[in-house]
Amino acid sequence: MNIHTAPRQWPAEGLTRVPYWVYSDRDLYEEEMARVFRGNTWHFLCLEAELPKPNTFRTSHVGDMPVVVTRDADGNIHAFENRCAHRGSLLCLRERGEAREIVCCYHNWTYNLEGTLTGIAFRRGIAGKGGMQPDAKPESHAPRKLKVEVFAGLVFGTLGKETPPFESYLGAEVAQRIRRVMRSPVRVLGGYSQMLPSNWKLYMENVKDSYHASLLHMFFTTFRLNRLSQKGGLVVSETGANHISYSMSADVAGKEYEQAGMRSAHDEYRLEAPELLQSVDEFGDGIGLQILTVFPGFVLQQVRNSLAVRRIVPIGLEKTELVWTLFGFETDDAAMTELRLRQSNLVGPAGFISMEDGAATGFVQRGVRGAPDEQSVVEMGGSGTSSEESRVSEAAVRGFWKSYRQQMGF
Amino acid sequence: MLAESSLSRSLEHQITVQDLNARYVEAIDDDKLEAWPDFFTDDGGYLITTAENVAQNLPLGMMYATSRKMLRDRVRALREANVYETQRYRHILGAPRVIGADGGVIRARSSFIVARIMHTGEMTIFATGSYEDRVLLDAGGTARFADKTVVLDSRSVDTLLAIPL
Numbered sequence: 011m012n013i014h015t016a017p018r019q020w021p022a023e024g025l026t027r028v029p030y031w032v033y034s035d036r037d038l039y040e041e042e043m044a045r046v047f048r049g050n051t052w053h054f055l056c057l058e059a060e061l062p063k064p065n066t067f068r069t070s071h072v073g074d075m076p077v078v079v080t081r082d083a084d085g086n087i088h089a090f091e092n093r094c095a096h097r098g099s100l101l102c103l104r105e106r107g108e109a110r111e112i113v114c115c116y117h118n119w120t121y122n123l124e125g126t127l128t129g130i131a132f133r134r135g136i137a138g139k140g141g142m143q144p145d146a147k148p149e150s151h152a153p154r155k156l157k158v159e160v161f162a163g164l165v166f167g168t169l170g171k172e173t174p175p176f177e178s179y180l181g182a183e184v185a186q187r188i189r190r191v192m193r194s195p196v197r198v199l200g201g202y203s204q205m206l207p208s209n210w211k212l213y214m215e216n217v218k219d220s221y222h223a224s225l226l227h228m229f230f231t232t233f234r235l236n237r238l239s240q241k242g243g244l245v246v247s248e249t250g251a252n253h254i255s256y257s258m259s260a261d262v263a264g265k266e267y268e269q270a271g272m273r274s275a276h277d278e279y280r281l282e283a284p285e286l287l288q289s290v291d292e293f294g295d296g297i298g299l300q301i302l303t304v305f306p307g308f309v310l311q312q313v314r315n316s317l318a319v320r321r322i323v324p325i326g327l328e329k330t331e332l333v334w335t336l337f338g339f340e341t342d343d344a345a346m347t348e349l350r351l352r353q354s355n356l357v358g359p360a361g362f363i364s365m366e367d368g369a370a371t372g373f374v375q376r377g378v379r380g381a382p383d384e385q386s387v388v389e390m391g392g393s394g395t396s397s398e399e400s401r402v403s404e405a406a407v408r409g410f411w412k413s414y415r416q417q418m419g420f
Numbered sequence: 073m074l075a076e077s078s079l080s081r082s083l084e085h086q087i088t089v090q091d092l093n094a095r096y097v098e099a100i101d102d103d104k105l106e107a108w109p110d111f112f113t114d115d116g117g118y119l120i121t122t123a124e125n126v127a128q129n130l131p132l133g134m135m136y137a138t139s140r141k142m143l144r145d146r147v148r149a150l151r152e153a154n155v156y157e158t159q160r161y162r163h164i165l166g167a168p169r170v171i172g173a174d175g176g177v178i179r180a181r182s183s184f185i186v187a188r189i190m191h192t193g194e195m196t197i198f199a200t201g202s203y204e205d206r207v208l209l210d211a212g213g214t215a216r217f218a219d220k221t222v223v224l225d226s227r228s229v230d231t232l233l234a235i236p237l
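Shown next, in the form of structure tokens:
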């Protein structure tokens, strides 16, 4: 029997089409881990605040590769593969903690906080017997070290040899918009994770899709947190890799959604406890919502005063962990912290405005199961990837594919 | 050995909490969500958090309410605003352990396990954890939650958390 498998040929239309085999091809997943994640790209590892003092560590991921992030005795931050040189066991089994060195539990091989192998148990044997040959070079199999850059309190790492410096990778506008949010030392409020029943790319497309937000998420529209008719904009970095979508909190009171009969507009809907939406213009620029992504897997979120970083961990072809860390600033008083905690109801797996995203990406994953040769239509806002005022646009989604195709060689 | 009167008071507290939680989970499992806020006092607190956040003394939750009104808004949003596939829960409760009782407030912990059943027939263990309750008895003897903290054993939620736990 001949089973037809779709050739990996990108549709001739280019960026306005996404072939569905990209979400279902098993070999492609391994190739993505190598080319996109372990290639010349930057990956968010953790907040600097998650390594609060010298001799602390935090585990993280680059794609599905496990990583240890450390702060050494001198306060410098390092990251290396969470894999022992010896038999490949995980080195760090806990999420976070304090340590002066990292010791593999399997055979007691020891590493310093830079990830350098410093000790091998019984290397010379016992009483002249056993042990390794003098010319053995186990160090040559040591866990790979990442190049690390700390930018505005965010720790990023790369394995690529030719990854551009972090700030030029971001582009000037994206860098400035990160600094806008990460304006002073942060205080972590907590975190959780969400298992998405979909390929990792579907989530990144979802976050970059400024067109869907106010149509899928009725809460957004009804309370005028984010409507496409509100003032705002869409910024796509020159490489297409990174994006910002933002809207001003000032309400223009437009009736476009109601007149167009959008399901998400529901004018007589009022909250009994409107304090949920009470917010302050803490950045002083009137921007009430800013969603920012850095290719391939980082999201920085400002929804009113709810601030969060999200990072994706692909766990196979059809499963993705989305790790959320919400934060405020060290300077927040009790009332500000309470305001942020109240607004945290808007986001996360139970978020009034974000719970649908976890499901919607799964709807696509299930919807395209029988159609690897079909393709999605990504034509809102034309066919380009340039920044624009209108968010009735899929320019940032096309930017994602531009960057993806470049990394993958499609 | 507890004195007889102390034993009967202790049993009474345990039965009060157990009965309140039994009715509470029944309302959720039977999709009577409109009744859910009434299990709380007017300024009742409700928080769903994770053991990981609790261990680090971090205040963040996935759902956070400080009044019955906020709980009613949650129900209204689930009914009218949020989009999620049809699903139901089945809560299984462990026996409550009464930690203490004073000033008309009973403090208790109970374990729970929740299966989630999707309209597709898919059934999974969705959540396990403990209820950390402060139960208030009003003058008429009605028990309500002055505080209910749901501490999830896992930091991870599959797909989404729409219906409360």
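Those protein sequence lines, which keep their order, are chains C and S.
For the first sequence, the numbering used here assigns the number 420 to the last residue and increments by one with no breaks.
For the second sequence, the numbering used here assigns the number 237 to the last residue and increments by one with no breaks.
We put the CB at the ideal spot given by N, CA and C, even for glycine.
Please read these numbers as outputs of a predicted model, since none were measured by experiment.
Q: Pull up the CB-CB distance for V184 of chain C and L25 of chain C, whole angstroms please, since I reckon it's below 8 Å.
A: Translated into positions along the first sequence, residue 184 of chain C becomes position 174. Translated into positions along the first sequence, residue 25 of chain C becomes position 15. About 19 Å; that fails the 8 Å criterion.
Q: Assign F373 of chain C to one of three DSSP states: helix, strand, or coil.
A: If you number the first sequence from 1, residue 373 of chain C lands on position 363. Here F373 of chain C sits in helix by DSSP.
Q: For F90 of chain C, count neighbouring C-beta atoms within 10 Å of its own C-beta (all shown protein chains included) and say buried if the count is 16 or more, exposed if not.
A: For the purposes of this step, residue 90 of chain C is taken as the residue at position 80 of the first sequence. The Cβ neighbour count for F90 of chain C, taken over all protein chains shown within 10 Å, is at least 16; the residue is labelled buried.
Q. According to the neighbour-count rule (16 or more other Cβ atoms, all chains shown, within 10 Å of its Cβ), is T231 of chain S buried or exposed?
A. Residue numbering aside, residue 231 of chain S sits at position 159 when the second sequence is read from its first letter. T231 of chain S should be labelled buried.
Q) Can you name, in chain order, every residue of its own chain whose Cβ lies under 8 Å from the Cβ of R36 of chain C, other than the five neighbours on each side? A) The residue labelled residue 36 of chain C in the question sits at position 26 within the first sequence. Only L327 meet the Cβ criterion.
**Q.** Buried versus exposed, by CB contacts within 10 Å (16 or more), L79 of chain S
**A.** For the purposes of this step, residue 79 of chain S is taken as the residue at position 7 of the second sequence. Per the 10 Å Cβ criterion, exposed.
Q.
Quick check: is the beta carbon of L199 of chain C nearer than 8 Å to any beta carbon in chain S?
A. As a working note, residue 199 of chain C is residue 189 in the first sequence. Yes, L199 of chain C counts as interfacial toward chain S.
Q. With respect to the alpha helix (DSSP H) encompassing G409 of chain C, which residues constitute its N-terminal and C-terminal limits?
A. Within the first sequence, the letter at position 399 stands for residue 409 of chain C. Where G409 of chain C is concerned, the enclosing alpha helix (DSSP H) stretches over 405 to 418.
Q) So which residues of chain S does P207 of chain C contact, with C-beta pairs closer than 8 Å? A) Locating residue 207 of chain C in the first sequence gives position 197, counting from the first residue. Going along chain S in sequence order, the residues near P207 of chain C (Cβ under 8 Å) are D230, T231.
**Q.** Distance CB(V177 of chain S)-CB(A211 of chain S) smaller than 8 Å
**A.** For the purposes of this step, residue 177 of chain S is identified with residue 105 of the second sequence, where counting begins at 1. For the purposes of this step, residue 211 of chain S is identified with residue 139 of the second sequence, where counting begins at 1. Cβ distance not < 8 Å, so V177 of chain S and A211 of chain S don't count as in contact.
Q: Could you check what DSSP says for T88 of chain S in three-state terms: helix, strand or coil?
A: For the purposes of this step, residue 88 of chain S is identified with residue 16 of the second sequence, where counting begins at 1. In the structure shown, T88 of chain S falls within a helical segment according to DSSP collapsed to helix, strand and coil.
Q. Beta strand (DSSP E) containing T221 of chain S: first to last residue?
A. Looking up residue 221 of chain S in the second sequence gives position 149. It spans 215 to 224 - the beta strand (DSSP E) in which T221 of chain S sits, taken as one unbroken run.
(Q) I'd like to confirm the pairing. Which residues does DSSP put opposite S396 of chain C in its beta bridges? (A) Numbered from its first residue, the first sequence carries residue 396 of chain C at position 386. For S396 of chain C, which the question treats as bridged, DSSP gives no partner whatsoever.
Q.
Quick check on the DSSP output: the beta strand (DSSP E) that includes K157 of chain C runs from which residue to which?
A. The residue labelled residue 157 of chain C in the question sits at position 147 within the first sequence. From DSSP, the beta strand (DSSP E) with K157 of chain C extends over 157 to 161.
(Q) Is M11 of chain C close to chain S? Criterion is C-beta to C-beta, closer than 8 Å. (A) Translated into the one-based positions of the first sequence, residue 11 of chain C becomes position 1. Low per-residue confidence applies at M11 of chain C: pLDDT is 44, beneath 50, and the placement is therefore not dependable, though the value from the model is reported in the following sentence. Judged by the 8 Å Cβ criterion, M11 of chain C is not in contact with chain S.
Q | C-beta atoms of N355 of chain C and L299 of chain C nearer than 8 Å | A | As a first step, residue 355 of chain C must be located in the first sequence, where it is residue number 345. As a first step, residue 299 of chain C must be located in the first sequence, where it is residue number 289. Here N355 of chain C is not near L299 of chain C, since their CB atoms are 8 Å or more apart.
Q: Would you mind stating whether I185 of chain S and I164 of chain S have Cβ atoms separated by less than 8 Å?
A: For the purposes of this step, residue 185 of chain S is identified with residue 113 of the second sequence, where counting begins at 1. For the purposes of this step, residue 164 of chain S is identified with residue 92 of the second sequence, where counting begins at 1. In contact: I185 of chain S and I164 of chain S (Cβ atoms closer than 8 Å).
Q: Please classify N12 of chain C: does DSSP put it in a helix, a strand, or coil?
A: Taking the first residue of the first sequence as position 1, residue 12 of chain C is located at position 2. With a pLDDT of 49 at N12 of chain C, under the threshold of 50, the modelled position of that residue is not reliable, and no figure is offered here.
(Q) Ignoring anything shorter than 4 residues, give me the alpha helix (DSSP H) runs that lie fully in the segment 249 to 337 of chain C, in order along the chain. (A) Entirely contained in the segment 249 to 337 of chain C, the alpha helix (DSSP H) runs reaching 4 residues are, in chain order, 266 to 269.
Q.
Pull the bridge partners of A199 of chain S from the DSSP assignment, please.
A. Walking along the second sequence from the start, residue 199 of chain S turns up at place 127. Beta-bridge pairing links A199 of chain S to S:V186.
Q | Chain-ordered neighbours of S9 of chain C on chain S, where CB pairs are closer than 8 Å | A | The requested residue 9 of chain C does not occur in the structure, where chain C is confined to residues 11 to 420.
Q. For V158 of chain C versus H88 of chain C, is the C-beta spacing smaller than 8 Å?
A. Working through the first sequence from its first residue, we reach residue 158 of chain C at position 148. Working through the first sequence from its first residue, we reach residue 88 of chain C at position 78. The Cβ atoms of V158 of chain C and H88 of chain C lie closer than 8 Å to each other.
Q. Do you know how far the Cα of L57 of chain C is from the Cα of R133 of chain C?
A. The residue given as residue 133 of chain C occupies position 123 in the first sequence. The residue given as residue 57 of chain C occupies position 47 in the first sequence. Straight across, the Cα-Cα distance linking R133 of chain C with L57 of chain C is about 37 Å.
Q. Between F176 of chain C and the rest of its own chain, which residues show a CB-CB distance below 7 Å, the 5 nearest in sequence each way excluded?
A. Taking the first residue of the first sequence as 1, we reach residue 176 of chain C at position 166. Same-chain partners within the cutoff: W52, E159, F161, F166.
Q) Grouping DSSP H, G and I as helix and E and B as strand, with all else coil, what is L349 of chain C? A) Working through the first sequence from its first residue, we reach residue 349 of chain C at position 339. In the three-state reduction of the DSSP assignment, L349 of chain C falls in the helix class.
Q.
Please report the straight-line C-alpha distance between G409 of chain C and F47 of chain C, rounded to a whole angstrom.
A. Here residue 409 of chain C refers to the residue found at position 399 when the first sequence is read from its first residue. Here residue 47 of chain C refers to the residue found at position 37 when the first sequence is read from its first residue. Each residue's Cα considered, the two are about 17 Å apart.
Q. Using DSSP with H/G/I as helix, E/B as strand and the rest coil, what is Y161 of chain S?
A. Here residue 161 of chain S corresponds to residue number 89 of the second sequence, with the count starting at 1. The answer is strand: DSSP assigns Y161 of chain S an E or B state.
Q. Under 8 Å between C-beta atoms, does D210 of chain S make it to chain C?
A. Working through the second sequence from its first residue, we reach residue 210 of chain S at position 138. Closer than 8 Å: no.
Q) From R350 of chain C to C114 of chain C, what does the alpha carbon distance come to, in whole angstroms? A) Sequence index remark: in the first sequence, residue 350 of chain C carries index 340 (1-based). Sequence index remark: in the first sequence, residue 114 of chain C carries index 104 (1-based). As the crow flies, the alpha-carbon of R350 of chain C is around 40 Å from that of C114 of chain C.
Q: In the DSSP assignment, find the beta strand (DSSP E) that holds T232 of chain C and state where it starts and stops.
A: Here the question's residue 232 of chain C lines up with position 222 in the first sequence. Careful: T232 of chain C lies outside any beta strand (DSSP E), inside the alpha helix (DSSP H) at 228 to 232.
Q | I10 of chain C, enclosing beta strand (DSSP E) - first and last residue | A | Chain C is shown from 11 up to 420; residue 10 of chain C falls before or after that span and cannot be answered.
**Q.** CA-to-CA distance, S34 of chain C to N12 of chain C, given in whole angstroms
**A.** Within the first sequence, numbered from 1, the residue matching residue 12 of chain C stands at position 2. Within the first sequence, numbered from 1, the residue matching residue 34 of chain C stands at position 24. Model confidence at N12 of chain C stands at a pLDDT of 49, short of 50, so the residue's coordinates are unreliable; what they give is reported in the following sentence. Cα to Cα, N12 of chain C sits roughly 19 Å from S34 of chain C.
Q: Tell me, please, whether the CB atom of A199 of chain S is closer than 8 Å to any CB atom in chain C?
A: Within the second sequence, residue 199 of chain S is the residue found at index 127, counting from 1. So no, A199 of chain S is outside the interface.
Q: Using the Cα positions of A123 of chain S and K220 of chain S, report the straight-line distance between them to the nearest angstrom.
A: Locating residue 123 of chain S in the second sequence gives position 51, counting from the first residue. Locating residue 220 of chain S in the second sequence gives position 148, counting from the first residue. Approximately 15 Å between the Cα atoms of the pair.
Q.
Please list the terminal residues of the continuous alpha helix (DSSP H) segment that includes Y213 of chain C.
A. As a position in the first sequence, residue 213 of chain C is number 203, starting the count at 1. Where Y213 of chain C is concerned, the enclosing alpha helix (DSSP H) stretches over 210 to 218.
Q: Can you say whether F420 of chain C is buried or exposed, counting buried as having 16 or more other CB atoms within 10 angstroms of its CB?
A: On the first sequence, position 410 is the one that residue 420 of chain C refers to. Taking all protein chains shown into account, F420 of chain C has fewer than 16 neighbouring C-beta atoms within 10 Å of its C-beta and is therefore exposed.
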